[in-house]
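Each residue of the sequence shown is one higher than the one before, counting from 1256 in the numbering used here.
What follows is a set of notes on a single structure, which appears directly below.
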Amino acid sequence: MYRISLVSYSNTLPFKEALYNSEFVAKNAILQERIPAMCAEDIFTGEADISLVPIGAFPIPENTRIISDFCLAAKNKVESVLLVSQKTKEEIKTIILDYHSRSSVKYIKILAEKFWKIKYNYQNADGNFKDLIKEDTAAVIIGDRALNFRNSIKYKYDIAEEWFKFTGKPAIFAVWVANNKVSDSFLKEFNKILKSGFENRKQIAEKNKHLYPNFDLVNYLTNCMDYNFDEAKQESLNMFNQFYSEILR
């Protein structure tokens, strides 16, 4: 049985619905839902054979590879990866970093240095950091809690939208990665299942929208999220890796 780790947020609903409802997956794999950081940890430590890996965890190990034309990305604005604050970004001094995601942490550092040209102090978050968002202290917040929190804060900066302004490319957040143990025949069927989820994402959103009363799930999955790992996303991934390597120098 292959072990498949996938992100537990609403943005993966098209994939989750298709995978959980697949007889093929039920017979051949075990699904395990994780926060993004743990999806990366699982594939790196051998706790998963296939995982939806955040790009912030790159480079991936030599015994793994990207295995799908599907991913988690934004069209432009995404609404679920935010810098939130009580002051403008120019007035912010400290940014608390979301422990759920390395990708958003790297995005904010790239944007601050390369695009906004602002130097911030960074602080790693603990489990409950919303109370710290006051005065000149801001926070990066992602996933469903960003969607639920976004309308209760004075200033919010959509990180995907800012990335698009900076690069002209859609922000990409995670790609499907597998280790070398996974057979080509399994991956072929796996990608068919992902495709069916993608093609039925509007119906899936309609079916599940009652579970997410604080935001428009249909709009989020169809107009904010993008799931195609196409040339533009590959270019965006390359730019992300290049820019982050530059700010480390």
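All C-beta atoms in this analysis are idealised placements derived from N, C-alpha and C, irrespective of residue type, glycine included.
Quiz item: Since residue 1325 is in the alpha helix (DSSP H), which residue starts that stretch and which ends it?
Solution: The residue given as residue 1325 occupies position 70 in the sequence shown. Careful: residue 1325 lies outside any alpha helix (DSSP H), inside the beta strand (DSSP E) at 1319-1329.
Quiz item: Taking the alpha carbon of residue 1260 as the point to measure from, which residue in 1295, 1268 and 1272 has its own alpha carbon closest?
Solution: By one-based count along the sequence shown, residue 1260 stands at place 5. Checking every option, the nearest Cα to that of residue 1260 belongs to 1295.
Exercise. Please go through the same chain and pick out, in chain order, the residues whose beta-carbon is closer than 7 Å to the beta-carbon of residue 1488, but skip the five residues on each side of it.
Key: Position 233 of the sequence shown, counting from 1, holds the residue named residue 1488. Taken in chain order, the residues that qualify are 1326, 1328, 1425 and 1427.
Quiz prompt | residue 1288: first and last residue of the uninterrupted beta strand (DSSP E) it sits in | solution = On the sequence shown, residue 1288 is found 33 positions in, with the first residue counted as 1. Looking at the DSSP string, the run of the beta strand (DSSP E) that includes residue 1288 is 1284-1289.
Quiz item: Excluding the five sequence neighbours on either side, which residues of its own chain have a C-beta within less than 8 Å of the C-beta of residue 1368, listed in chain order?
Solution: Counted from its first residue, the sequence shown places residue 1368 at position 113. Correct list, in chain order: 1374 and 1502.
Practice problem: Could you say which of 1499, 1371, 1475 and 1453 lies nearest to residue 1484 if we only look at CA atoms? | Solution: For the purposes of this step, residue 1484 is identified with residue 229 of the sequence shown, where counting begins at 1. Nearest of 1499, 1371, 1475 and 1453 to residue 1484, Cα basis: 1453.
Practice problem: May I have a chain-ordered list of the alpha helix (DSSP H) segments no shorter than 4 residues that lie completely inside the region 1338-1425? | Solution: 1357-1365, 1398-1404 and 1414-1422
Practice problem: Could you pull the start and end residues of the alpha helix (DSSP H) that residue 1494 belongs to? | Solution: Numbered from 1 along the sequence shown, position 239 holds the residue referred to as residue 1494. Looking at the DSSP string, the run of the alpha helix (DSSP H) that includes residue 1494 is 1486-1502.
Quiz item: So, helix, strand or coil for residue 1293, using DSSP?
Solution: Numbered from 1 along the sequence shown, position 38 holds the residue referred to as residue 1293. DSSP places residue 1293 in helix when its eight states are reduced to three.
Quiz prompt | Coil, strand or helix - residue 1304 by DSSP | solution = Taking the sequence shown and counting its residues from 1, one reaches residue 1304 at position 49. Residue 1304 falls in the coil class under three-state DSSP.
Quiz item: In whole angstroms, what separates the C-alpha of residue 1324 from that of residue 1309?
Solution: Counting from 1 along the sequence shown, the entry for residue 1324 is found at position 69. Counting from 1 along the sequence shown, the entry for residue 1309 is found at position 54. Taking the straight line from one Cα to the other gives about 15 Å.
Practice problem: Quick one: using the 10 Å Cβ neighbour count with 16 as the cut-off for buried, is residue 1271 buried or exposed? | Solution: Counting from 1 along the sequence shown, the entry for residue 1271 is found at position 16. Buried, since its Cβ has 16 or more Cβ neighbours within 10 Å.
Quiz item: Does the beta-carbon of residue 1291 have 16 or more other beta-carbons within 10 angstroms, so that it is buried, or is it exposed?
Solution: Indexing the sequence shown from 1 puts residue 1291 at position 36. Buried is the call here.
Quiz prompt | N- and C-terminal bounds of the alpha helix (DSSP H) containing residue 1453 | solution = Translated into positions along the sequence shown, residue 1453 becomes position 198. It spans 1439-1454 - the alpha helix (DSSP H) in which residue 1453 sits, taken as one unbroken run.
Quiz item: DSSP on residue 1467, reduced to helix/strand/coil?
Solution: To locate residue 1467, count along the sequence shown from 1; it is residue 212. Residue state, collapsed to three classes: coil.
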